[in-house]
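The opening position of the sequence shown corresponds to residue -8 in the numbering used here, with each subsequent residue numbered one higher.
Note that beta-carbon positions come from the ideal geometry of N, C-alpha and C, so glycine has one too.
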Amino acid sequence: MTTIADVARHAGVSVATVSHVMNRTRHVEPETAERVRAAITALRYSPNSVARSLRRGETKTIGLLLPDNSNPFFASVARQIEDAGFVSGYTVILCNSDGNAEKEERYLSVLMAKQIDGLIFAGSSDHARVFARLLPSVPAVLLDREIQSVNVDSVLVDHDHGGYLAGRYLVGLGHRKIGAIGGPRDSSSSPARLRGFVRALGEAGLELPASSIVDSDYHFAGGRVAMDKLMGREPDITAVFACNDLMAMGAITALRARGLRVPDDISMVGFDDIPYAVTTWPSLTTIAQPVEKIGIRAVSLLLERLSEPEAPSRREVLAPALVERESCAAPRR
């Protein structure tokens, strides 16, 4: 295998000169630099980028740990992060924890062993203990998570406001008997979405009783089961807010199996605005998360942290938006 020393001998220069030409770290006379480049071409020299990166104290890699990459929302976020990282010269290593705390910790250990330059983390739970151990070793940005006890940058979405937009929209259409399908109670997003939703209903003089809320798991099948359970408890509801789009789609399937039509009989609002939301039938009215901004800001914050390790932690909160489609209408029954 050709080494940098072989290139130096072929060009009649020192190893340091070859290094300066390749890395542009010092001025080298044009004639000498051309001789070095000719030697590199003649010997087909390919530098060991891994070894070179380790000498510099960087690997140009970012670790990305997500709870469920099969969820189209997280898949979209991962793509945005990969694209933003690539533009900045970084490779992204994706790990999927399946919402399992033990798997998260194992993947964190694997990523650390690969000497990543930084980590973007959307864990399934609050890992203050893990992060207290991790942060001295690698800069990190939390996605849609906050850990109060550690100094870490975070990119968040205002889920409370998103739920509020959904509630205000259904109330504005004239709905008074409304149900909700929540996500896992230990998630950070679902409780906030429901809080905002309840607040909007309260401003209109409406309550959301416990019997009108069914918790589920953010999956399509879970939404279908939750919708059947909700109809068994509250058969007179005219609208439903599901805390993510997959559950909303599952709920629509359950209603269709009962012979009910959306939105003629029951209106449906989701959350996320995944790509399938516009292709489902009827197309889904939803609260859109700013996926592109989430990915770009997460990478930007991480790169800023790499260049300024001692800077104060930053907390960026992005606003969701209502997207009106075909799954909602004024109550007709």
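According to the Cβ coordinates, are residue i and residue j closer than 7 Å?
i	j	result
residue 206	residue 176	yes
residue 260	residue 232	yes
residue 51	residue 80	yes
residue 218	residue 201	no
residue 55	residue 111	yes
residue 161	residue 169	yes
residue 246	residue 210	no
residue 130	residue 288	no
residue 292	residue 132	yes
residue 30	residue 2	yes
residue 57	residue 92	no
To which residues of the same chain is residue i closer than 7 Å at the C-beta, ignoring the five residues directly before and after it?
i	result
residue 153	184, 187, 262, 278, 311
residue 294	79
residue 304	142, 143, 144
residue 193	none
residue 214	172, 207, 233, 237, 238, 239, 240, 241, 242
residue 251	257
residue 253	243, 246, 259, 273, 318
residue 41	Only weak support exists for where residue 41 lies, its pLDDT of 49 falling under 50; the value from the coordinates is given anyway. Once the five neighbours on either side are set aside, residue 41 has no close Cβ partner at all.
residue 195	162
residue 11	17, 19
residue 94	88
Can you check which of these residues, the options, is closest to residue i by C-alpha distance?
i	options	result
residue 24	9, 33, 34, 282	9
residue 268	307, 317, 309	317
residue 265	155, 252, 114, 283	283
residue 235	225, 275, 256, 220	275
residue 272	90, 281, 255	255
residue 320	230, 291, 309	230
residue 13	181, 74, 222, 27	27
residue 165	108, 128, 258, 180	258
residue 135	178, 227, 19, 74	178
residue 64	315, 149, 198, 280	280
residue 308	106, 137, 6, 62	137
residue 322	163, 221, 313	163
residue 103	114, 128, 91	128
residue 216	-4, 174, 18, -2	174
residue 314	157, 95, 222	157
residue 224	212, 203, 244	203
residue 62	212, 100, 228, 198	212
residue 329	253, 94, 167	Only positions -8 to 324 of the chain appear in the structure, and residue 329 is not among them; the question remains open.
residue 181	11, 101, 155, 32	155
Beta-carbon within less than 8 Å of residue i's beta-carbon, same chain only, minus the 5 sequence neighbours each way: which residues are those?
i	result
residue 60	66, 69, 85, 87
residue 53	72, 76, 81, 82, 83, 84, 107, 108, 109, 110, 111, 290, 293
residue -3	34, 36
residue 4	23, 26, 27
residue 220	205
residue 197	162, 167, 169
residue 101	86
Identify, in the order they occur along the chain, each residue of the same chain with its Cβ nearer than 6 Å to the Cβ of residue i, setting aside the five sequence neighbours on each side.
i	result
residue -7	34, 36
residue 97	none
residue 286	68, 71, 72, 75
residue 106	50
residue 151	183, 186, 187
residue 306	145
residue 159	191
residue 149	308, 310
residue 299	none
residue 21	none
How about residue i: is its Cβ closer than 6 Å to a heavy atom in the ligand GDP?
i	result
residue 159	In the structure shown, the ligand GDP is absent, as is every other ligand, since no ligand is present at all.
For the segment 126 to 163, which segments carrying the beta strand (DSSP E) assignment without a break, of at least 3 residues, lie completely within its bounds, in sequence order?
Those beta strand (DSSP E) runs which fall completely within the segment 126 to 163 and span 3+ residues are 131 to 134, 144 to 148.
Give, in chain order, every unbroken run of the alpha helix (DSSP H) that is at least 4 residues long and sits entirely within the segment 53 to 120.
63 to 78, 92 to 104
List, from N- to C-terminal side, the beta strand (DSSP E) runs of 3 residues or more that fit wholly inside the segment 227 to 300.
The segment 227 to 300 contains these whole beta strand (DSSP E) runs: 230 to 233, 258 to 263, 276 to 279.
Secondary structure, beta strand (DSSP E): runs of 3+ residues fully inside the segment 155 to 205:
169 to 173
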